[in-house]
Amino acid sequence: MRSTLCSFGRSAGFAFLVALSSALLPQAARADRCDDVAKELKNGIEGIKIGQTAAGTVYLAHPKAREITLGCSSKNFSNQLFGKTDRKPPPAFVELMASAAAIVFTLPKDDMVRGVNRCYRRLGIFRGDDVPSRYRRLDMRCARTKTESSITITRSKDQ
């Protein structure tokens, strides 16, 4: 009788370990999705460096931008790309943001160049210094201050 009880305990323990390991495996895969997108950016754009990851945001560095961040999925959006540069963005920065957005959102680069240029062209006297717009099912928001300008490109969860 004792051997039957002992073998039952071993099989229950083994089943518990299998259930625990299968519950923990998918969580690790979900956390790596944002890191995979950051690695795609590093491989696809020359000169980009991956920095720290904190609170669902991957900080990136590039010589043509003051600041670039990649926001991972949350309740409201699937991905977010943010870039900051001088008040009048140079063409190299526009090209950098278009290339990054093309990789993150899997759209053609030519379309993203057109969308980023369109967003920055709308800044000014008539529309102000903070302009939201939509282009190719993406939410683009361009803003500028006296010293710098920024662009935020997001795709909402429902699209």
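Residues are numbered in my numbering as their position in the sequence shown, beginning at 1, plus a constant of 359.
Yeah, the Cβ is synthetic: ideal placement off N, Cα and C, and Gly gets one too.
Take Ala-424 and list the residues in its own chain whose beta-carbon comes closer than 7 Å to its own, dropping the five residues that flank it on each side. Gly-442, Lys-443, Thr-444, Phe-452 and Leu-455
Can the beta-carbon of Cys-478 be found less than 7 Å from the beta-carbon of Ser-458? no
Quick one: what does DSSP say Thr-511 is sitting in, helix, strand or coil? strand
Since Ala-420 and Lys-408 should fall inside the 8 Å C-beta cutoff, what is the C-beta to C-beta distance between them, to a whole number of angstroms? 4 Å
Would you say Thr-513 faces chain E, with C-beta separation under 7 Å as the test? This model lacks chain E altogether; it includes just one protein chain.
Go to Asp-489, then tell me how far its beta strand (DSSP E) extends in each direction, as first and last residue. 489-494
What residue from Ile-427, Ser-432 and Asn-402 has the CA that sits closest to Gly-415's CA? Ser-432
Taking Arg-514 and Arg-496 to be in contact with their CB atoms under 8 Å, please state how far apart those CB atoms are, rounded to whole angstroms. 7 Å
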